Structures are given as structure tokens and as C-alpha cells.
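Written out below as C-alpha cells is the structure these notes cover.
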Amino acid sequence: MSARLSEADGLSREGFLAFLEDRPDEERWELFDGVPLMQASPRLDHQIIAFNLAKLIDAATAETDPSWAAVPQGMVDLTGVFPGNMYIPDVMVLDSHGVDLTSSYTAKCIVAAEVVSPSDRRRIGRGLGRKIEVKTERYRALPGCEAVLVVEQDRMEAVLHLRAEDGWRAERIEGPDAELSIPVLGLVCQLRELYLRTPLARTT
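full-length UniProt numbering puts the first residue of the sequence shown at 1, with every later residue one more than the last.
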């Protein structure tokens, strides 16, 4: 479950980073319109899916652009387009030559991927809507973000958002044999590959 720190309402990026300095290292916090939300501890199969995806991305970008890296649990700074917002996707892709790798966050996100937990479907404060929907919409507003992947944790299904010349296009991908293709990464795989070594892989 997400824990809300309502008394810290209205934090800027700098205020949020200062807040994080006083929190235990094992805690993961995001910032939504100035309000910190603590991330729930993910299930083990959730983490395996994210790890599988990161490995697939790194294998693909080793061929297309070796400077691109899949980063699990990195922080994306959206304050340039949505002040008071900093999120932690399960996996993001960045250009290791184009960002400060000594920082704990970056605004330069090429691809953001989320593995959906039950807490991600809960509505967050101030009428923003469901957490996963808010994050997806706002990742898409980031300059330089070319794709957003939303992966279901409990079934073999994903929604891939791709930037196009006329805006964004969303494609639903379902079933173990369905093809997942993210052209900007040169990644082409079967959806089942994201779920290797999870209970879902043993039932298909």
C-alpha cells in the first residue's frame, strides 16, 4: 500500500530531495504534485518481471546503442513539465553518455516501464486519478521519452505507448506468444519472456 505523508504537502524538487535524505535507505518515495507517496514493497514475481525486462532491453541496446542502459528503480524528474512530480518506474532507459550518473535522478528518460501492482490502481489524492494512469500520462509528456510500457503483474498482458509523428499510439499486447516490439530500442521478443521464472510461466 502507498503511505501518504500529507503534512509534507507542496514540496518542490529540492524540498523532496531534502526530505529523502532523512528517510531510511530501504524506503522508496515518489512525489505527486508536491505530496510524497511511499511505494509499496513489490512482490518477488514483480521484481523478476522487471529484471527480465531490464535484461531484454540491455541485450537489445547492446546492438543498437551500447551507451543506452536499462536502470531498475531509478528516479525520473518530471518537474520541468509537471512541477512537484518525481516518479520511480520499475525500469527506465537512459543514455549513459547524456546524463549525470552520479545523480539519484534524471529528467532524460528514453523509455519508462511500469509493472502494475494492486496499489498502482488506487486513486491518489487531489483528484488525480489512478496512480498508474497518472504516471503513464505524465511520462508521455516528457521531452525525449519515446515509449512507455505498462506490464501486468498477474497476467501476460501489457500496453505499449509509442510516440509517433501525430502524437502517441497505444497497443495492447496479450498472451504468451504475442510479440512485444519497441523500435527505439531494437527490442523484439515474445511477451512470455517478461514472465520467465514466475508462476505465470509455469501455467502456460
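Idealized CB from N, CA, C, for every residue including glycine.
Since the structure is predicted, the reported quantities are computational estimates derived from the model, not experimental observations.
Taking C-alpha positions only, LEU200 is separated from VAL93 by approximately 26 Å. Under the DSSP assignment, PHE32 falls in the beta strand (DSSP E) whose first and last residues are 29-32. Around the beta carbon of HIS46, 16 or more other beta carbons lie within 10 angstroms, which makes this residue buried.
DSSP places ARG172 in the uninterrupted beta strand (DSSP E) bounded by 167-174. Annotation: LYS108 to PRO42 spans about 25 Å, alpha carbon to alpha carbon. Between the C-alpha atoms of VAL151 and GLY167 there is a straight-line separation of about 21 Å. Ranked by Cα distance from ARG121, the options PRO89, ALA113, ARG130 and VAL115 are led by ARG130. Contact fails between the stretch 54-68 and the stretch 138-148, because fewer than three Cβ pairs, one in each stretch, are under 8 Å apart. TRP29 and PHE82 have their C-alpha atoms spaced approximately 17 Å apart. According to DSSP, residue pairing for VAL93 in a beta bridge involves ALA70 and VAL111. Contact between ILE57 and VAL35 is absent: CB atoms are separated by about 31 Å, not below the 8 Å threshold.
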